[in-house]
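Chemist: One structure, as structure tokens, below. Some questions next.
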Amino acid sequence: MSEPRSKARPRHRRSRTALAVGVPLALTAAGTFAYGTDLGVLGSSVQQASAAAPTWAADTADGFASVNSLGQKGTYGGRGGQIVTVTTQAELEKYATAPQPYVIVVAGTIAMNPVGKEIKVQSDKTIVGRGTAGHIVGGGFFLGQGVHNVIIRNLTIRDAYQGIWNDKDHDFDAIQMDGAHHVWIDHNDLRHMADGLIDVRKDSTNVTVSWNKLSDNNKTFGIGWTENVKTDITIHHNWIRETEQRNPSTDNAAHAHLYNNFLEDAPGTAIKSAYGNYSRGGTKMVLENSLFQGVKNPVIKDSGAAVVQRGNSFSGTSGRNESGGTAFDPKTYYPYSLDKATDLPSVLKAGAGPRASVGTTASTKAAAATTLTVAQDGSGQYRTVQAAVNAVPANNSSRVVIAVKPGTYRELVKVPSNKPHVTIQGTGGSRKDTTIVYNNASGTPKPGGGTYGTGGSATVAVEADDFQARNLTISNDFDEKANQSLNGHQAVALRTAADKVFLDGIIVSGDQDTLLLDTAAKDKLGRVYVSNSYVIGNVDFIFGRATAVIDRSVITLKKRWNGTSAGYIAAPSTAANRKGFLIADSTVNGDVSAGSFYLGRPWHAGGDASLDPQATVRNTNLSNAIKSAPWTDMSGFSWKDDRFAEYKNSGAGAGPASTNRPHLSDAQAANQEVADWLAGWTPSAS
């Protein structure tokens, strides 16, 4: 832009059109897993029980979930019941709460409404994600008293976080059980919830938790909270990282067998471990061949509890590491084998979490052929992201996934307009593990003369339709303080100039002009959907002429280079008769002064009076940083002549309707939903 423009989580959502997401991600297909081949057609109706079931439908649990007790002979879920494929919350709830056995295949992303909803699963159910496409967002599952024989596998359950780290008000778990038995939780990715990732409470027993990724959370995994010493539980081959407490905390468990788990407190992350495995009350714990890396207080126990340690490895840990007492021999209950503790990083990074189908059908081979891997250490096909983009065939007709291994990639990336259907995805356990970063600004000199200009400063530039990015960070780290003599401090992290751009679960970070959401030309449509993401900046840091939705995301306000607090969030330059920016069901926060930021202002790019900028902020939690008159003029153009409004926002920065703070009526708001913005396009993970 031509002139200076300057941790919380989503809140409860109102009812609106669901966004179905349903194509498996190819990049996580490494390794083998017994899920068989085709899991059914997206959106298909019930498959009869007499049909040939996928091989995973016959799988049974190991560990204590396999032990015969309480009238239940092992854990096999919905085996023998009908196989159904679901893509909506209503379908999932219908079959999960039914009295009959079902194998329920989740074939897309299901956003729970309201946020925090926990579907009350009944007995004899297998709930399994189709490949890596099965996501439950903003909610989870509840297994009540007496519910038994339940398998939850191959799902990603995420993002119910409400912005309060030690949240006492929102008991939003990924999986909670109160008095259930014979439950198998296997090969899931559980992260960023408001309370626990897994809570095994009220004498729930015969539970096995295996091969899961548990991350980005305060309270990871709680067991017990009863005076009875009854629970029998096996916890093995789980990768627990970027979590603070309850890793797990095991209270009054009769038999707790923990083996081959990898607890990682990675350096340089904001989340710090308080403790690792905790044996509380009367718990008897056997802890074998697990790896604790960088964890504070890796193993602790109460005076009346027991911990028997064998074969564990500790690297960079500190604080309490305790053992003592008499426990039990797990092999008297079930067979098992151990991996070496030092092998766990490679074993679990390759094998934990949801897995794609790995059959030998033609469709599987095609998916594998269109996955390009990037790794700085040479372990991938390419060492840079741009090299992988260059390898995408011109005018390709099908999806190409560029799988980027963890690391910091200091490079410029451009996806040209003749390379559509490209996905760039980080393969780490967190979106912070993979970063693409550069430091060009508008005024940075170009080789050969001239400067980059605002649009040209972008670290990542996307000009191809049907582009997707997920699970990574895109940043511009231009140092304004060190470059005060430079004319033009606008420094874009990500520029999109295309249609059907889907940004899911990413971080976009910068200062001025962080995220440029543009179109290929003034008369071209450019739809962008941003979900479950973070956008960080200070001056006009979401700007452009695209029709864009920022949904269920966090907008973080940042101080200026000199430590002052002042800025603007949105600067739309919408063409007349087009929709501009919609910020919905999100959170605005940041370490800045109260009353220092505007929600936005109208950018009439180039002084074009024909433009009609639009921004609507609705159902969003606003911090006290937002001014009481949240919109302002720009370059001689009044915001009151354009389209700026709010609807049912909350938080200290929200305020009543006035001439300086227009609110939509209910009737107006009904026409400003996400589906209205996307105009027939349903973003679909692929």
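In our numbering, the protein residues as written are 234 to 919.
All C-beta atoms in this analysis are idealised placements derived from N, C-alpha and C, irrespective of residue type, glycine included.
The structure presented is a predicted model; accordingly, all values stated were derived computationally and were not measured.
#1: Measuring alpha carbon to alpha carbon, tell me which residue in V825, G557, A697, E644 is nearest T656.
#2: Helix, strand or coil, according to DSSP, for S708 in the structure here?
#3: Quick check: the region 771–787 against the region 738–751, are there 3 or more CB pairs under 8 Å?
#4: Here's the rule I'm using: 16 or more other beta-carbon atoms within 10 Å means buried, otherwise exposed. How should N765 be labelled?
#5: Counting along the chain, where does the alpha helix (DSSP H) carrying Y328 start and finish?
#6: How about N530 and N451: do their beta carbons lie closer than 7 Å?
#7: Report back the beta-carbon spacing between G296 and Y685 to the nearest angstrom; my notes put them in contact at under 8 Å.
#8: For G557, name the three-state secondary structure that DSSP assigns.
#9: Contact between the region 775–791 and the region 869–884 is defined here as three or more beta-carbon pairs at a separation below 8 Å; is this criterion met?
#10: Let me confirm a value: S512 is counted as buried when at least 16 other C-beta atoms fall within 10 Å, else exposed. Which label applies?
#11: Is the region 466–482 touching the region 327–338, taking contact as three or more C-beta pairs under 8 Å?
#12: Apart from the five residues on each side of it in sequence, which residues of its chain come closer than 7 Å, Cβ to Cβ, to R247?
#13: Tell whether a beta-carbon distance below 7 Å holds between A393 and A427.
#14: Looking at the secondary structure, which residues open and close the beta strand (DSSP E) in which D784 lies?
#15: Here's the rule I'm using: 16 or more other beta-carbon atoms within 10 Å means buried, otherwise exposed. How should V734 be labelled?
#16: Just verifying my parser: in three-state terms, what is the DSSP assignment at N716?
#17: Check whether the region 303–311 touches the region 569–583, counting contact only when three or more Cβ pairs, one atom from each stretch, lie closer than 8 Å.
#18: Have a look at T464 and D406 and give me their C-alpha separation to the nearest angstrom.
#19: Take A781 as the anchor and find which of V768, G349, L750, P846 has the nearest alpha-carbon.
#20: Bridge partners for H654 per DSSP, in chain order?
#21: Starting from A730 and walking both ways along the beta strand (DSSP E), at which residues does that stretch end?
#22: Out of R391, S856, L736, P835, which one is the CA nearest neighbour of G586?
#23: Which full runs of the beta strand (DSSP E) of 3+ residues lie inside the region 808–888, going along the chain?
#24: G584 lies in the alpha helix (DSSP H); which residues open and close that run?
#25: Should T875 and P846 be called a contact, given that it needs their Cβ atoms to be closer than 7 Å?
#26: Have a look at G362, D404, K358, N522 and flag the residue whose alpha-carbon is nearest the alpha-carbon of G349.
#27: Count the other C-beta atoms from every protein chain shown that fall within 10 angstroms of the C-beta of N797, then say buried if there are 16 or more, exposed otherwise.
#28: If you draw a straight line from the alpha carbon of K564 to that of S663, how long is it in whole angstroms?
#29: If you check the beta carbons only, do A726 and F700 fall under 7 Å apart?
#30: Helix, strand or coil for A903, going by three-state DSSP, please let me know.
#31: How is K517 classed by DSSP in three states: helix, strand or coil?
#32: For the structure I just gave you, are there three or more beta carbon pairs, one from the region 885–896 and one from the region 833–848, closer than 8 Å?
#33: Excluding the 5 residues preceding and the 5 following K184 in the sequence, name in chain order all residues of the same chain whose CB lies nearer than 8 Å to its CB.
#34: Please classify P500 as buried or exposed, where buried requires at least 16 neighbouring CB atoms within 10 angstroms.
#35: Taking only three categories from DSSP, how would you classify Q305?
#36: Check whether the region 709–724 touches the region 753–768, counting contact only when three or more Cβ pairs, one atom from each stretch, lie closer than 8 Å.
Modeler: Once the coordinates are examined:
#1: Along the sequence shown, read from residue 1 onward, the residue named residue 656 stands at position 423. Selection V825, G557, A697, E644 evaluated against T656 yields A697 as nearest (Cα-Cα).
#2: Reading the sequence shown from its first residue, position 475 is the one you call residue 708. Three-state DSSP puts S708 in a strand.
#3: A contact exists between the region 771–787 and the region 738–751.
#4: For the purposes of this step, residue 765 is taken as the residue at position 532 of the sequence shown. Result: buried.
#5: Translated into positions along the sequence shown, residue 328 becomes position 95. Going by DSSP, Y328 is part of the alpha helix (DSSP H) stretching over 322–329.
#6: Position 297 of the sequence shown, counted from the start, is the residue given in the question as residue 530. Position 218 of the sequence shown, counted from the start, is the residue given in the question as residue 451. Not in contact: N530 and N451 (Cβ atoms no closer than 7 Å).
#7: Taking the first residue of the sequence shown as position 1, residue 296 is located at position 63. Taking the first residue of the sequence shown as position 1, residue 685 is located at position 452. Not quite, the Cβ-Cβ distance comes to about 57 Å (not below 8 Å), so this is no contact.
#8: Residue numbering aside, residue 557 sits at position 324 when the sequence shown is read from its first letter. Three-state DSSP puts G557 in a strand.
#9: Cβ pair count under 8 Å is below three, so no.
#10: The sequence position of residue 512 within the sequence shown is 279, counting from 1. Buried, since its Cβ has 16 or more Cβ neighbours within 10 Å.
#11: The answer is no - the region 327–338 does not touch the region 466–482, with fewer than three Cβ pairs under 8 Å.
#12: Numbered from its first residue, the sequence shown carries residue 247 at position 14. Because the pLDDT of R247 is 31, which lies under 50, any placement of that residue in the model is unreliable, and the number read from its coordinates should be weighed accordingly. N852, listed in sequence order.
#13: Sequence index remark: in the sequence shown, residue 393 carries index 160 (1-based). Sequence index remark: in the sequence shown, residue 427 carries index 194 (1-based). In this structure, A427 lies closer than 7 Å to A393 by Cβ.
#14: Counted from its first residue, the sequence shown places residue 784 at position 551. Looking at the DSSP string, the run of the beta strand (DSSP E) that includes D784 is 780–784.
#15: To locate residue 734, count along the sequence shown from 1; it is residue 501. Residue environment for V734: buried (at least 16 other C-beta atoms within 10 angstroms of its C-beta).
#16: Counted from its first residue, the sequence shown places residue 716 at position 483. Helix, per DSSP.
#17: The answer is no - the region 569–583 does not touch the region 303–311, with fewer than three Cβ pairs under 8 Å.
#18: The residue labelled residue 464 in the question sits at position 231 within the sequence shown. The residue labelled residue 406 in the question sits at position 173 within the sequence shown. If I take the Cα positions, the gap works out to 20 Å.
#19: Here residue 781 refers to the residue found at position 548 of the sequence shown. The shortest CA-to-CA distance from A781 to any of V768, G349, L750, P846 is the one to L750.
#20: Position 421 of the sequence shown, counting from 1, holds the residue named residue 654. According to DSSP, H654 bridges with nothing at all.
#21: As a position in the sequence shown, residue 730 is number 497, starting the count at 1. For A730, the enclosing beta strand (DSSP E) covers residues 727–730.
#22: Within the sequence shown, residue 586 is the residue found at index 353, counting from 1. Put simply, of R391, S856, L736, P835 the residue whose alpha carbon is nearest the alpha carbon of G586 is R391.
#23: Runs found: 814–817, 820–822, 830–833, 847–851, 876–880.
#24: As a position in the sequence shown, residue 584 is number 351, starting the count at 1. Where G584 is concerned, the enclosing alpha helix (DSSP H) starts and stops at 577–584.
#25: Residue numbering aside, residue 875 sits at position 642 when the sequence shown is read from its first letter. Residue numbering aside, residue 846 sits at position 613 when the sequence shown is read from its first letter. The residue you asked about is not Thr; residue 875 is Asp in the sequence shown. Inclusion of D875 and P846 in the CB contact set at 7 Å is warranted, their separation being smaller than that value.
#26: For the purposes of this step, residue 349 is taken as the residue at position 116 of the sequence shown. When C-alpha distances from G349 are compared across G362, D404, K358, N522, the shortest belongs to D404.
#27: Against the sequence shown, residue 797 aligns to sequence position 564. Checking the sequence, you will find Thr at residue 797 rather than Asn. So T797 counts as exposed.
#28: Walking along the sequence shown from the start, residue 564 turns up at place 331. Walking along the sequence shown from the start, residue 663 turns up at place 430. Going by the C-alpha atoms only, they are around 35 Å apart.
#29: Locating residue 726 in the sequence shown gives position 493, counting from the first residue. Locating residue 700 in the sequence shown gives position 467, counting from the first residue. For the pair A726 and F700, the CB atoms are not nearer than the 7 Å cut-off.
#30: Against the sequence shown, residue 903 aligns to sequence position 670. In the three-state scheme derived from DSSP, where H, G and I count as helix and E and B as strand, A903 is classed as coil.
#31: By 1-based counting over the sequence shown, the position of residue 517 is 284. Judged by DSSP in its simplified three-state form, K517 adopts strand.
#32: Judged by Cβ distances under 8 Å, the region 885–896 makes no contact with the region 833–848, as fewer than three pairs qualify.
#33: Missing from the structure shown is residue 184; the chain here goes from 234 to 919 and no further.
#34: In the sequence shown, residue 500 corresponds to position 267, counting from 1. Looking at its Cβ environment, which holds fewer than 16 other Cβ atoms inside 10 Å, P500 is exposed.
#35: Here residue 305 refers to the residue found at position 72 of the sequence shown. In the structure shown, Q305 sits in a strand (DSSP, three-state: E or B).
#36: Judged by Cβ distances under 8 Å, the region 709–724 makes no contact with the region 753–768, as fewer than three pairs qualify.
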